[in-house]
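Report on the structure given below.
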Amino acid sequence: MKTERDGDGVLEESSSQEPELYSPASPGPQQEPISTYFEEKVPIPEDDMTKLFSFRKLWAFTGPGFLMSIAYLDPGNIESDLQSGARAGFKLLWVLLGATIIGLLLQRLAARLGVVTGMHLAEVCNRHYPTVPRIILWLMVELAIIGSDMQEVIGCAIALNLLSVGRIPLWAGVLITIIDTFVFLFLDKYGLRKLEAFFGFLITIMALSFGYEYVRVAPDQAEVLKGMFVPYCSGCGPTQLEQAVGIVGAVIMPHNIYLHSALVKSRDINRANKKEVKEANKYYFIESSIALFISFLINVFVVAVFAEAFYGKTNMEVSLQCNETGSAHSELFPANNETLEVDIYKGGVVLGCFFGPAALYIWAIGILAAGQSSTMTGTYSGQFVMEGFLNLRWSRFARVLLTRSIAIFPTLLVAVFQDVQHLTGMNDFLNVLQSMQLPFALIPILTFTSLTSLMNDFANGLVWKIGGGLLILVVCAINMYFVVVYVTALNSTVLRERERVCVWRCLIALGVSRLDFRGSVQYPPSVLMDEQPEFDS
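At the far end of the sequence shown sits residue 537, using UniProt numbering, and the numbering has no gaps.
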């Protein structure tokens, strides 16, 4: 045994068998920014390090991945799922599976960055990008968070309206969402694990609610498996193609990369011990895989329900059924032979018309759980992003008040002056808004996790650099296609001009300080010093 003095001047005794050490390029624990979420850290049990797997350790690491997975279950994703089923049947389930796998690989990068460096993505951007690109990145990510926030508020308001049989108007549902968010966000004062358990409870409610609909409708299991594992779409046209692109855009959300890289800091890991860091990366990946598998199953429930029950249905068929059951919402469906168009509001109504009132109310409970859980994680994302990019330390109350106000105001105006069709119609615009911000998360996360000067032995290898670069290129191309289709349909000159600057904004996300139109780009010294990222295509 020998006595050592640590960085804080505290004497410690250490064994002669010292752990394997390596020198992290990032600041030590005493220099790490203090985020409000991390008033406590979950200890990791000291099992035998030679064991390949420990359920005790997996349980200790369980939490951040499930909070991250809630972004895959927000009302925007649920609406994309039900529209996929109603428009394409089971034919696009393989797209949902592929998008979820891509999301898992991207979340792996986010978790590794947080574990290895002790900083989340916004903090790393703050330290490596110059002022102008950093501010632009922050604004773009905040815009994505606000767009997601609005979807979640819309979902909660619609769920409350359905549960109250219209007695709670949409504007009142928006206001109620403000209040309950303030209440629930302070649950972490009772302990981090209790907060994570509450999110687990909300995910369980979603699984039971949408699982009930799945059992009630009883879709053809052979068709579900075929649609999931056979990449085909026979007889599909532009509508189905746009829906497939929309699935990818709804699943992979930019602010979720920032969120996950911050959540993994909640575990007590000795980053000076290479074996502990490697072990943490392993268990976080396992936990994220389990969490995203559960979220995938819930999404499959929704797609399969609407594929089995409403694919190929016309407005006339639905209107007649709703009239026969005495539904008060039959006027939502015009008496024509056009293909049924559904959203999260109409989805609940048609379930009630065909499968009874219980199906409607249980659907609304699931949407309420989805909206409430995602609006809480969205607020955490906003707090991490603001603190990281701007090095601000706002109080929890001030942060929640700001994000709620920005998201609530436009939603409240629509809720007061328009009907539910206009409120749910905002989801398409908000999905496009988030798709345009995607490069501002994907490019930085691949860039920084590829830097040996930052990640040391945990930097991306050549395969990850090439594969990750191609993967991000494909995802960004798919999302830009979604944006182009949406903007073209609007025939808006202003939005088309914004579309043309997307390439320039992607370069800013890489840290370019200015463009040289003679054919070159210039990187800031801070990025060049940290080793220029390698991208292969």
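Glycine included, every Cβ here is placed at the ideal spot set by N, Cα and C.
My output table needs one value for residue i: the three-state DSSP class, helix, strand or coil.
i: N273; result: strand
i: R167; result: coil
i: Y22; result: In this predicted model, Y22 has a pLDDT of only 46, less than 50, meaning its place in the structure is not dependable enough to derive any value.
i: V42; result: strand
i: T36; result: Here T36 scores only 45 on pLDDT, less than 50, and its place in the model should not be relied on; the value that follows carries that caveat. Here T36 sits in helix by DSSP.
i: P231; result: coil
i: L121; result: helix
i: Y129; result: coil
i: E218; result: It should be noted that the sequence gives Ala, not Glu, for residue 218. DSSP places A218 in coil when its eight states are reduced to three.
i: L438; result: coil
i: D74; result: coil
i: D180; result: helix
i: F90; result: coil
i: N323; result: helix
i: A459; result: coil
i: A370; result: helix
i: H255; result: helix
i: P410; result: helix
i: L52; result: coil
i: G356; result: coil
i: A328; result: coil
i: G85; result: helix
Express the C-alpha separation of residue j and residue i in angstroms, rounding to a whole number.
i: F182; j: F397; result: 8 Å
i: S450; j: H260; result: 18 Å
i: A477; j: L187; result: 40 Å
i: S26; j: P444; result: Low confidence applies here, because S26 scores a pLDDT of 46, under 50, leaving its location unreliable; read the following figure in that light. Approximately 16 Å between the Cα atoms of the pair.
i: W363; j: N337; result: 26 Å
i: Y311; j: D343; result: 14 Å
i: P133; j: F389; result: 11 Å
i: L162; j: P130; result: 48 Å
i: I145; j: H255; result: 6 Å
i: V302; j: F201; result: 19 Å
i: G166; j: Y486; result: 31 Å
i: F199; j: I294; result: 13 Å
i: A197; j: G378; result: 17 Å
i: L392; j: N126; result: 11 Å
i: F354; j: L241; result: 28 Å
i: I135; j: V217; result: 49 Å
i: V174; j: V349; result: 20 Å
i: L93; j: A358; result: 26 Å
i: K57; j: D47; result: 8 Å
i: L160; j: L413; result: 18 Å
i: Y481; j: T488; result: 10 Å
Cβ of residue i within 8 Å of Cβ of residue j?
i: L340; j: M228; result: no
i: M140; j: F440; result: yes
i: G371; j: P75; result: yes
i: V305; j: Y361; result: no
i: V474; j: V277; result: no
i: L73; j: S289; result: no
i: A111; j: V251; result: no
i: F90; j: M376; result: no
i: D457; j: K282; result: no
i: F448; j: L454; result: yes
i: I365; j: S209; result: yes
i: R267; j: A459; result: no
i: M206; j: A328; result: no
i: G155; j: I466; result: no
i: S54; j: G246; result: no
i: Q243; j: Q83; result: yes
i: S435; j: V483; result: yes
i: W171; j: V416; result: yes
i: L332; j: K313; result: no
i: residue 561; j: G469; result: Here the chain covers residues 1 to 537 and nothing more, so residue 561 does not appear.
i: Q269; j: L106; result: The question names Gln, but residue 269 is Ile in the sequence shown. No, Cβ-Cβ distance for I269 and L106 is not below 8 Å.
i: A307; j: P219; result: yes
i: L121; j: L113; result: yes
i: G249; j: N479; result: yes
Which residue or residues does DSSP assign as beta-bridge partners of residue i?
i: T339; result: T314
i: R267; result: V42
Just checking residue i against the ligand HEM - is the residue's beta carbon closer than 7 Å to any of the ligand's heavy atoms?
i: F53; result: Looking at this structure, you won't find the ligand HEM or any other ligand, since it has none at all.
Check: How about the stretch 285 to 301 and the stretch 58 to 71: do they share at least three Cβ pairs that are nearer than 8 Å?
Finding: yes
Notebook entry, point to check: Are there three or more Cβ pairs, one per stretch, closer than 8 Å when the stretch 312 to 319 is compared with the stretch 290 to 300?
Noted result: no
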